[in-house]
Structures are given as structure tokens and as C-alpha cells.
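Going letter by letter, the sequence shown gives residues -24 to -1, 1 to 289 in mature numbering (1 follows the signal peptide of the UniProt record, and there is no 0). We put the CB at the ideal spot given by N, CA and C, even for glycine.
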Amino acid sequence: MKQSVKLIWLVLAVILFGGHFAKAQQNEVSDVGQENDEEESTDAAESDEQNNQPSDSNRVGRIINGISATSANQPYLVTIVAYIGEDSFYFIGALISNTEVLTSASTLKSAGDLSAVTFSLTVGSNPSISSGITYSDKGFDIHSGFNPTTLANDVAIIKINGNLSGLANVRPIAIATTEIAVSTTNRTQCVVAGWKDGSNDIGETTYELLTDQECAAAGANPPSIVCARKTGTAFACNFDGGAPLVCNGQLYGILTDQTGCSGSSPPVLQKFAKLPVISIPWNTPIISTPNATIPNSNASLPIVPRKNYVSCP
């Protein structure tokens, strides 16, 4: 009987010891896994932080939280890359003829020395930039009345090295010739399109026009400036200088330079060149650019740097 009792106690001791040992092993594995997860999380965070550091001021943001656009909906949209030396600058324009792109003079000027600039101009993105067709340029022309201090007449034209007539889902947009009467009780809804944040797609979002009084609250403006603001969470940002503001199906404005835009701090309002009061075209000669090496193909389109600090739907 005593031997049976001893045997039972021995078995119980083995079971209890084994259970304690297994639990200790499990906790050890869990701790190791947690440490690995923390290390991976730290590495990922450090990687994201490194990726968020722009190599120059133009690599900061685009249409933040916008929805994907297509060339069928935005057949006039042109994504632009300016090359100056080893630097690349990203912005937007609107096709106003089969050979001309309208963009922002202040955005163009912010790129730096334009004496040796060349451009790649991509149309027909659907919605990926890589699905479009890329052209080189023949030259550019900044509005003769452009004032970099007041942003009066903030527009420029880039000449396409080619003719876009007959291309699928590529079509010039008509420039508005009549000002829209805006009141606080009658907000005109417009569309702004540009580079979509977090991807190589084009994106779009909705804006509403502001009154001159609301616009003046942010500082004095010339008559050729109109202000608009986002209607939701999406907004144009750094890559989107020159973006078209389309109201009632016509090109009403061109977004001014957005170099100072931050994706983490949405602007209260943004300024656009008011096209109905700006003379287009104007009488100044086209400035020829150096011989471009970009072929009429999307193969040479650079991959737009991705950023991670704002997530997209």
C-alpha cells in the first residue's frame, strides 16, 4: 500500500514538474517572439523614418487621401517631371491644346535654374502613371505679367514635342472665360486632380470656391487669384503645384506653388490662378529647352518616390 502511495506521488510530481517546465518554455518563446516583433517594429519605423526624408524640397506630398482618377474622367490631366541637372521636380498641368500644357509659373520657378531644364509630360494615365504616354518638350513660356511676389498671372505654358490629336482618353480642356459668382450660401463645387499620395496613380478630390473676402483674410491678393478649400479630408499638396481647378466642366484655375505644403498640416485654403481674368496666350516668345533625351514612351518615366506618413484609402 505504501509503495502504491509513493508511486502515485512520484507520478504527480513528474506531471507537475513537466507542466511547469513546458509553461516556462512557452513563456520563453513568447518573450523571444515579442522581442523579435519589437525589433521588427523598430526597424520598420526606422525604415519609414528614413523613407520620409526627402532628398529635396519637392519630394514631400501629393493629393492626400484622394481617390484614384482615370484619363477617361480627367483626359486633360498632365503629370510633369522637370529635370535640372541631377534633380527631378514633380508637378501638374492641364492640356489646353494638342500641343500645349498650362501649369503654374511659381511652381516652375521654384524648381530653380531653368536655363537647362527639360520636361517629361505624361498623358493618358489610367490611373497608373506608367500606363500613360510620355513626351518630351520643345520649350516653355512664363506669363509676361507674372509677379512672383503677389502671384499675379501665375501661369506658364510648356510646349509638347509632338501632337496629341487622336490619342485615346486624351483631350484638351476649355478655359473658362466668365468669373463665377461665389457667396457663402452658394458654394461652387470643383475638382482638383494630381499625383495620388502613396502610389504612382493620378488622384482627384473636391474643392469649393471661396469669396474674395474669405480669400483676403489670408492676405492681400491680386484680381487674378481665386481661393478654394477642400470639402473633405483630401487635399492637394507639394507634388500638385500647377494642378487644374475644374469648375462646371471648364478649367477655372491653376494651383500655385505648393512647396511649403505639409501632409500632416492641411492648408485652410489654397490659392489658384483665376484664368477668366488672365490673358492666355500672351505675347512672349517660347524659351527653347536643351535637346531632351526622353522618348515618346512611358518606359523612361521615373518612379515617383513613395512616402509613408499619410495612408490612402
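query                                                                                                        : result
Collapsed DSSP secondary structure at valine 169 in the structure displayed                                  : A small fix is needed here, since residue 169 is alanine in this sequence, not valine. Three-state result, alanine 169: strand.
Sub-8 Å separation of residue 304 and glycine 218 beta-carbons                                               : This structure cannot speak to residue 304, because the chain is shown only from -24 to 289.
Distance between phenylalanine 122 and glutamine 226 (C-alpha atoms, nearest Å)                              : 22 Å
Counted within 10 angstroms of its Cβ, other Cβ atoms place asparagine 214 as buried (16 or more) or exposed : buried
Buried/exposed call for residue 291, threshold 16 Cβ in 10 Å                                                 : The question about residue 291 has no answer, for the chain in this structure spans -24 to 289.
Residue nearest to lysine 250 in terms of C-alpha spacing, selected from Gly236, Thr209, Cys203              : Cys203
Segment limits, beta strand (DSSP E) that includes residue 295                                               : Residue 295 lies beyond the residue range present for the chain, which begins at -24 and ends at 289; the question has no answer from this structure.
For glutamate 155, three-class secondary structure by DSSP                                                   : coil
Three-state class that DSSP yields for residue 292 in the structure shown                                    : This structure cannot settle anything about residue 292, because the visible part of the chain is limited to -24 through 289.
CB contact flag (aspartate 113, leucine 97, <8 Å)                                                            : yes
Three-way DSSP call (helix, strand, coil) for glutamine 226 in this model                                    : strand
Residue closest to serine 255, alpha-carbon to alpha-carbon, out of Thr153, Asn176, Thr265, Gln234           : Thr153
Beta-carbon gap between proline 148 and isoleucine 72 smaller than 8 Å                                       : yes
Euclidean distance between Cα positions of glutamine 189 and serine 107                                      : 42 Å
Pairwise C-alpha distance: isoleucine 178 and valine 99                                                      : 10 Å
Beta carbon of serine 200 nearer than 8 Å to that of alanine 150                                             : no
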